[in-house]
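Numbering (my numbering), first residue to last: 2 to 335. Here the structure is laid out as structure tokens; the discussion comes afterwards.
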Amino acid sequence: MRYLLLFAVAIALSSCNTERNNQREIITGMESAVVKNTGDKFLRPLIANYIQYHNEFEEDEMAPIYLYRCAVLYYRLQNHSEASKHLETIIRMHPKTEILEDAYLFLAMIQASPQGRTSRAEELYKEYLQKFPQGKGVAEANYFFRPEKEKLQDHINRILKEINSLPRGAEPSESALQTLMFTYANFVKSNPDSPLSATYCLQGARLAIRLEEHLIAIQFLDKIYTSYPNFAQYPDVLLMLAVEYDTNITLYLRKNRIVSSPLNDNITTAKLKNMDVIAEGGKLYQEIIKRFPDHEVTKSAQGGLKNLGKETEVVVEEFIRLQDSIQNTLGNSK
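Quick look at the structure:
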């Protein structure tokens, strides 16, 4: 009887091994297909097989590895919650797996992103440093705990280095300039008392004007105007702000897509639309003339005051004429 029982167990194990090997072969074949075809119709079945294998053979050494690959695919599909769920399962159920370190780092990276939970990222990085004090992600984990000010400064320096390393004559991409502009805004908002904040506001304003994001330009310039009166380039900033109000912002507010920044809650689209922006520009021209009579920008301010609103009127009239022409053309084509 004992031999009969052992024989039955051996048969069961053999059957289990056969099924497990069959599943692995199916998964290997599907993985090869996904390398060539990354569409949903190939990814979803592979994800399902990864999960099924883990559920049926969770004690197998490949179970957490397949679950990790499942999380990678979910991440590629931008489904961060599902990716996180499966990584959490690996950490909870497979503390001895060879990919535990990777699971910690991958999950912490997701949780540290805007789509995750910062508190969970903090827990994961702390656990990681305890479990893997010599691990490959120690620098990444330590960086997470650095002050936000230092991280933003690093980000600014990294973008500037990339821009400055471009070949002579090459222009930085609009995306790189936008990223730099918003990083300046985030730095100033997080560190209003930093000695660099006024300079970053001015650099951010120049980028915004270059990118024709005039609401953001005013937000940067107004921040200097209201918060950094001792800034060395304060008169230049006032002139730039006056010109934005007098010349640029009126037409910009007619656009369908108006971009704002996190920097200055005092300057919003709604507030500007209800403001006499040309009159505001005139007040700033007058302030420059009164406060800085001997500064080189005063002559420009006097010219701006003399021609207050004229350039805006011309530009807006041309804009309306062009819009009417387009509408007439569309109407005639019908």
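Here a beta-carbon is modelled for each residue, glycine too, at the ideal position from N, C-alpha and C.
Candidates the options, of which the one nearest residue i by Cα
i    : options                : result
E102 : L197, L88, R21, Q112   : L88
Y185 : Q131, R207, L167       : R207
M31  : P46, N22, N18, T19     : P46
I290 : S85, S114, A302        : A302
I219 : S195, D194, I259, A64  : I259
H296 : Y54, D194, E123, L239  : L239
I250 : Q53, I160, I217        : I217
S195 : H215, E163, K150       : K150
T227 : I268, N22, H95         : I268
R77  : K132, K300, I111, N18  : I111
H1   : F146, G136, M94, L252  : The structure shown does not extend to residue 1, since the chain is modelled only from 2 to 335, so the question has no answer here.
K256 : Q135, H215, N165, A140 : H215
A243 : G304, P193, N231, D266 : G304
Other residues of its chain near residue i: CB distance less than 8 angstroms, five sequence neighbours each side excluded
i    : result
L212 : E175, L178, Q179, M182
A9   : Reliability fails at A9, whose pLDDT of 44 lies under 50, so the model's placement of it is uncertain and the value that follows must be treated cautiously. Hits under 8 angstroms: none found.
I157 : L181, T184, Y185, F188, Y201
Y229 : S198, A199, C202, Y235
L309 : D247, I279, G282, G283, Y286
S85  : A72, L108, I111, Q112, G117
I160 : A177, T180, L181, T184
Cβ separation of residue i and residue j, assumed to be a contact under 8 angstroms, to the nearest whole Å
i    : j    : result
L306 : Q287 : 7 angstroms
Y105 : L125 : 6 angstroms
I66  : I100 : 6 angstroms
L285 : T270 : Between T270 and L285 the Cβ distance is about 20 angstroms, and since that is not below 8 angstroms, they are no contact.
G138 : Y129 : 6 angstroms
Cutoff 7 angstroms; reference residue i; Cβ partners in own chain excluding five residues on either side
i    : result
V189 : S198, Y201, C202, K224, L264
I27  : N50
M241 : A206, L222
Q234 : L203
L153 : T184, N187, F188, S191
I52  : C71
T98  : P65, I91
I300 : Correcting the residue type first, residue 300 is Lys in the shown sequence and not Ile. So no residue of the chain qualifies.
P173 : I164, L167
I210 : A218
Buried versus exposed, by CB contacts within 10 Å (16 or more), residue i
i    : result
E245 : buried
F107 : buried
A142 : buried
V298 : buried
A109 : buried
V278 : buried
S262 : buried
I12  : In this prediction, I12 scores a pLDDT of 46, lower than 50, which makes its location untrustworthy; the coordinate-derived value is nonetheless stated afterwards. That one is exposed.
L167 : exposed
D237 : buried
E336 : As shown, the chain starts at 2 and ends at 335. That puts residue 336 outside it, with no answer to give.
A122 : buried
A171 : exposed
Q135 : exposed
heavy atom of the ligand HEM below 7 angstroms from residue i C-beta
i    : result
L101 : The ligand HEM is absent from the structure shown, which contains no ligand whatsoever.
Other residues of its chain near residue i: CB distance less than 6 angstroms, five sequence neighbours each side excluded
i   : result
L74 : L44, I48
F58 : R21, A64
Q24 : Y54
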